[in-house]
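Enquirer:
Chains as they are written, first to last, in this note's numbering: chain A, 2 to 315; chain B, 8 to 550.
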């Protein structure tokens with residue numbers, strides 16, 4: 002197992018490096034740069050001077066190497082050109098927001114989906130199954146940002162029952178923190194719950210048709226015991242697979258949702274800095290996203306063997 | 008691995024395509040020159056944000072939340088640009104001299120000053136007993152350090168304003184001497200700029216670490232998100248007005264105008280700049296909220312005579328100018344709030360405003376047709392007008408202009424330029440014509456930045472040496488009346504200039520950028536007719 006983890010980590014590092022290289026080149030090749038966003042009021046000679054001071058007049062490859070070497074040797078992500086602060090500091094300031102949003106959304110999507118799985122499995126073909134499938138289809142068809150905008154306008158603006166923007170650190174006030182998270186988390190979790198319900202339902206049905214389930218019933222076990230101890234446990238592998246990918250999608254969705262609800266997270270930082278062409282910050286955000294993906298998928302792989310001891314990680 | 012790669016590509020794609028709503032980007036164009044708006048007011052229109060009778064007097068304590076439409080990038084007021092830093096700078100620092108409500112330069116950190124007979128040496132005598140936020144006393148060395156930093160183009164975006172400064176030195180602990188390269192009558196106005204606040208010698212703001220002399224001190228900086236300031240209990244200028252009432256002010260930014268306005272209505276913010284037009288009924292219908300005019304915002308069109316040969320003909324430019332019905336534009340685009348601007352682009356409250364009107368206010372299509380015929384363009388021509396993305400006011404104004412020009416056989420197409428590219432493309436004049444938004448009020452700097460052959464901010468916009476020399480000469484006399492006369496001559500010369508210029512400006516209108524606030528909670532908030540943000544020392548909150 003140790004060898005497997007080391008190998009996967011190496012693959013992960015290569016994947017991250019590939020993503021960072023492609024992004025650096027794409028962003029660097031885009032027209033416009035941070036200096037033009039900063040010096041809107043200065044004569045051209047000043048623009049050139051600042052461009053030189055920031056090293057933006059150097060060839061792309063030189064800039065890439067100059068950015069990459071400190072990252073590899075000292076884990077130094079550089080300094081933001083527009084926000085004038087170390088990139089690591091900017092990301093660390095925003096890390097709790099994005100991580101909290103992603104985790105809460107993933108949890109809520111599972112909490113919503115589990116009863117629907119059980120319901121669908123228990124009453125397959127019935128009207129409850131039909132309704133839950135229709136709801137999940139609807140959820141899948143509606144994007145997170147649309148739900149977010151709707152919640153924002155109804156709960157935030159019309160009814161004024163929830164804050165429409167901002168964030169309070171959990172360390173400062175747990176209640177306020179959770180209240181600020183309700184709409185963003187719902188926006189992300191509802192479509193994800195729909196996807197989870199729909200995709201996991203089929204694997205549940207597969208398991209329900211297995212002989213050991215019939216045997217369990219034949220032994221006289223209660224339905225809830227069969228469901229929880231035999232069906233759900235054996236359906237965990239596909240659920241874990243989907244959850245792993247879904248957390249990735251949640252992270253992607255948070256980019257937009259953070260902007261809709263003005264959450265000071267990494268997604269909002271990335272979007273704004275992309276507009277400002279601040280390459281070190283964009284790279285820093287991508288490094289976070291890529292590492293998060295790699296980490297989550299590694300954890301899912303390890304959980305496979307925990308959920309099903311027959312799977313050996315080699 | 009495939010799954011990882013796929014997932015990473017999805018996030019990368021989301022990041023690359025995950026652009027914000029159009030309203031977010033629209034504000035960027037607003038600030039393309041808004042940093043030039045200063046506390047310059049001749050005709051002051053004071054709006055007191057307390058319509059209801061005040062039952063109680065000012066009370067100490069509480070937090071005011073101000074939401075701006077541009078991000079507070081860092082706490083380094085000296086080197087940042089943008090009107091949001093005017094808002095912040097006024098609270099956390101002080102300049103050597105400042106403008107009073109009549110635009111007269113008055114003492115501030117400097118008690119008095121002398122100007123040499125040749126106008127080249129300015130000597131300032133500092134007020135004694137002024138302490139920085141860290142308790143140290145302000146001395147001449149701090150002033151020297153601050154101005155050397157402000158004049159460094161690799162650090163400060165204000166460096167070009169100090170081009171005229173040859174040196175700055177400390178004569179003794181409380182005397183500072185500036186030597187200019189040439190006579191520059193507007194030098195005191197330059198020093199009144201809100202960005203020219205003082206830092207202690209060798210101090211560089213970083214993160215939450217900020218030291219200056221203002222009535223509020225920076226407590227926390229979350230770059231790009233918010234800046235929190237707290238009352239300075241030892242403010243040197245407390246005097247009769249006393250210390251600030253507020254414990255704390257939170258400056259944050261929401262770039263989406265709808266989200267910004269909802270933040271006000273739902274109680275997340277007390278004061279928001281640039282309220283969303285569609286939300287105005289929701290604000291004005293409620294007794295707690297009110298919309299008041301903020302910054303004066305200007306809109307014009309830059310024409311490239313390089314890309315469109317017809318624009319090189321002064322008769323064609325005049326025809327276009329004559330044809331535009333500015334009143335209609337203001338009515339349809341800004342709900343009638345605003346006023347047309349013609350050749351003279353400075354607002355009436357600014358000292359260099361010229362009374363002459365060069366053109367009729369209503370569109371005169373017949374005269375425009377005659378001018379085009381005389382210019383040999385009776386059959387018209389075609390060009391594209393660039394807009395800042397799909398910003399609604401520009402699209403709307405563009406469509407109105409399109410209809411107008413169609414009647415002159417001029418085929419004008421609208422070209423929506425991606426916001427990230429807009430500044431570059433317009434500055435380098437890669438477009439036929441473009442909407443340009445800006446803020447005026449610093450006469451000497453405005454002409455220079457708009458039209459000077461080497462100092463203009465829109466690069467390669469203007470290449471007329473005669474005009475450049477006139478701009479240089481007009482800024483020299485210390486007497487404002489003389490400078491005003493020279494600017495009047497300059498304006499006439501601009502109108503007379505023709506084929507030897509690359510581009511021209513057509514001014515369209517100026518209108519206030521709305522500011523909305525929670526009147527029930529915010530008391531004593533005052534700002535002037537130009538939208539300049541006064542010190543928040545006199546503001547208190549009623550909870």
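Glycine residues also receive a C-beta, built at the ideal position from the N, C-alpha and C atoms. Quick caveat: nothing in here was measured; it's all calculated off a predicted structure.
Go ahead and pull the three-state DSSP assignment for residue 347/B.
Expert: Here residue 347/B sits in strand by DSSP.
Enquirer: How many Å lie between residue 337/B and residue 516/B at the Cα?
Expert: Their Cα atoms are separated by approximately 7 angstroms.
Enquirer: Residue 236/A lies in the beta strand (DSSP E); which residues open and close that run?
Expert: First-last for residue 236/A: undefined, no H or E at that position.
Enquirer: Using a beta-carbon distance cut-off of less than 7 angstroms, what residues from the segment 221-232 of chain B approach chain A?
Expert: If the cut-off is 7 angstroms between Cβ atoms, the segment 221-232 of chain B has 229, 230, 231 and 232 near chain A.
Enquirer: Among all the DSSP beta bridges, which residues are the ones paired with residue 216/B?
Expert: In DSSP, residue 216/B forms a bridge with 213/B.
Enquirer: Along chain B, which residues have their Cβ under 7 angstroms away from the Cβ of residue 54/A?
Expert: Residues of chain B passing the Cβ test: 161.
Enquirer: For a quick check, are the C-beta atoms of residue 547/B and residue 130/B less than 8 angstroms apart?
Expert: Against a cut-off of 8 angstroms, the Cβ pair of residue 130/B and residue 547/B comes out as no contact.
Enquirer: Excluding the 5 residues flanking residue 251/A on each side, which residues of the same chain have their C-beta closer than 7 angstroms to its C-beta?
Expert: Excluding sequence neighbours, residue 251/A sits near 103, 106, 107, 189 and 193.
Enquirer: So with CB distances below 9 angstroms, who are the chain A contacts of residue 255/B?
Expert: Correct list: empty, because the minimum Cβ distance to chain A is about 14 angstroms.
Enquirer: Which residues does DSSP pair with residue 418/B in a beta bridge?
Expert: Looking at the DSSP assignment, residue 418/B forms a beta bridge with 389/B.
Enquirer: Give every residue of the same chain whose Cβ lies closer than 7 angstroms to the Cβ of residue 476/B, excluding the five residues on either side of it in the sequence, and list them in chain order.
Expert: Excluding residues within five positions, none has a Cβ falling inside 7 angstroms.
Enquirer: Express the C-alpha separation of residue 51/A and residue 166/B in angstroms, rounding to a whole number.
Expert: Roughly 11 angstroms separates the two Cα atoms.
Enquirer: Does any CB atom of chain A fall closer than 8 angstroms to the CB of residue 95/B?
Expert: Chain A, which has no Cβ nearer than 8 angstroms to the Cβ of residue 95/B, makes this no.
Enquirer: Residue 207/A: which of 231/A, 222/A, 87/A and 191/A sits nearest, CA to CA?
Expert: It is 231/A whose Cα lies nearest to the Cα of residue 207/A.
Enquirer: Are residue 4/B and residue 264/B touching if we call contact CB-CB under 8 angstroms?
Expert: Only positions 8 to 550 of chain B appear in this structure, which leaves residue 4/B out of reach.
Enquirer: Any C-beta of chain A sitting closer than 8 angstroms to the C-beta of residue 188/B?
Expert: With 8 angstroms as the cut-off, residue 188/B does not count as an interface residue toward chain A.
Enquirer: Residues of chain A with CB closer than 7 angstroms to the CB of residue 80/B, please, in chain order.
Expert: Residues of chain A passing the Cβ test: 83, 84 and 85.
Enquirer: Does DSSP put residue 518/B in a helix, a strand or coil?
Expert: In the structure shown, residue 518/B sits in a strand (DSSP, three-state: E or B).
Enquirer: Just list the alpha helix (DSSP H) runs in the segment 85-166 of chain B, keeping only unbroken ones of 4 residues or longer that don't cross its boundaries, in chain order.
Expert: Those alpha helix (DSSP H) runs which fall completely within the segment 85-166 of chain B and span 4+ residues are 90-99 and 147-157.
Enquirer: Report the three-state DSSP secondary structure of residue 31/A (helix, strand or coil).
Expert: Three-state DSSP puts residue 31/A in coil, outside helix and strand.
Enquirer: Using the three-state DSSP reduction, which class does residue 13/A fall into: helix, strand or coil?
Expert: In the structure shown, residue 13/A sits in a helix (DSSP, three-state: H, G or I).
Enquirer: Residue 192/B and residue 486/B - do their beta-carbons sit closer together than 8 angstroms?
Expert: Yes, they are a contact pair.
Enquirer: What's the C-alpha gap between residue 47/B and residue 106/B?
Expert: Confidence is the limiting factor: at residue 47/B the pLDDT is only 36, short of 50, which leaves the residue's position unreliable, though a coordinate-based value still follows. Answer to the nearest angstrom: the Cα atoms are 7 angstroms apart.
Enquirer: Taking one C-beta from the segment 230-247 of chain A and one from the segment 284-302 of chain A each time, how about it: are there three or more such pairs within less than 8 angstroms?
Expert: Segments in contact, yes.
Enquirer: Note down, in chain order, every chain A residue with its Cβ under 9 angstroms from the Cβ of residue 174/B.
Expert: Those within 9 angstroms of residue 174/B in chain A number zero; the least Cβ separation is about 20 angstroms.
Enquirer: Can you tell me whether residue 179/B is helix, strand or coil according to DSSP?
Expert: Three-state result, residue 179/B: strand.
Enquirer: Identify, in the order they occur along the chain, each residue of the same chain with its Cβ nearer than 7 angstroms to the Cβ of residue 156/B, setting aside the five sequence neighbours on each side.
Expert: Hits under 7 angstroms: 85, 162 and 163.
Enquirer: Hey, does residue 193/B have any beta-carbon neighbour from chain A nearer than 8 angstroms?
Expert: It does not; no Cβ of chain A falls within 8 angstroms.
Enquirer: Is there contact between the segment 77-95 of chain B and the segment 110-126 of chain B, where contact requires at least three CB pairs shorter than 8 angstroms?
Expert: With a cut-off of 8 angstroms, the segment 110-126 of chain B and the segment 77-95 of chain B do not count as touching, because too few Cβ pairs lie within range.
Enquirer: Where does residue 379/B land, buried or exposed, given buried means 16+ other C-beta within 10 angstroms?
Expert: Buried, because 16 or more other Cβ atoms sit within 10 Å of the Cβ of residue 379/B.
Enquirer: What are the boundary residues of the alpha helix (DSSP H) that residue 1/A is part of?
Expert: Residue 1/A is absent from the structure shown; chain A starts at 2 and stops at 315.
Enquirer: Quick check on the burial criterion: 16 or more other C-beta atoms within 10 angstroms. Buried or exposed for residue 147/A?
Expert: It is exposed - the Cβ of residue 147/A has fewer than 16 other Cβ atoms within 10 Å.
Enquirer: So for residue 261/B, helix, strand or coil by DSSP?
Expert: Coil, per DSSP.
Enquirer: Just checking, does the segment 221-233 of chain B make contact with the segment 117-127 of chain B on the three C-beta pairs under 8 angstroms criterion?
Expert: Contact between the segment 221-233 of chain B and the segment 117-127 of chain B is absent, because fewer than three Cβ pairs lie under 8 angstroms.
Enquirer: At least one CB of chain B closer than 8 angstroms to the CB of residue 270/A: is that the case?
Expert: Answer yes: the Cβ-Cβ gap between residue 270/A and chain B drops below 8 angstroms somewhere.
Enquirer: Starting from residue 224/B and walking both ways along the alpha helix (DSSP H), at which residues does that stretch end?
Expert: Counting along the chain, residue 224/B falls outside any alpha helix (DSSP H), though it belongs to the beta strand (DSSP E) covering 223-229.
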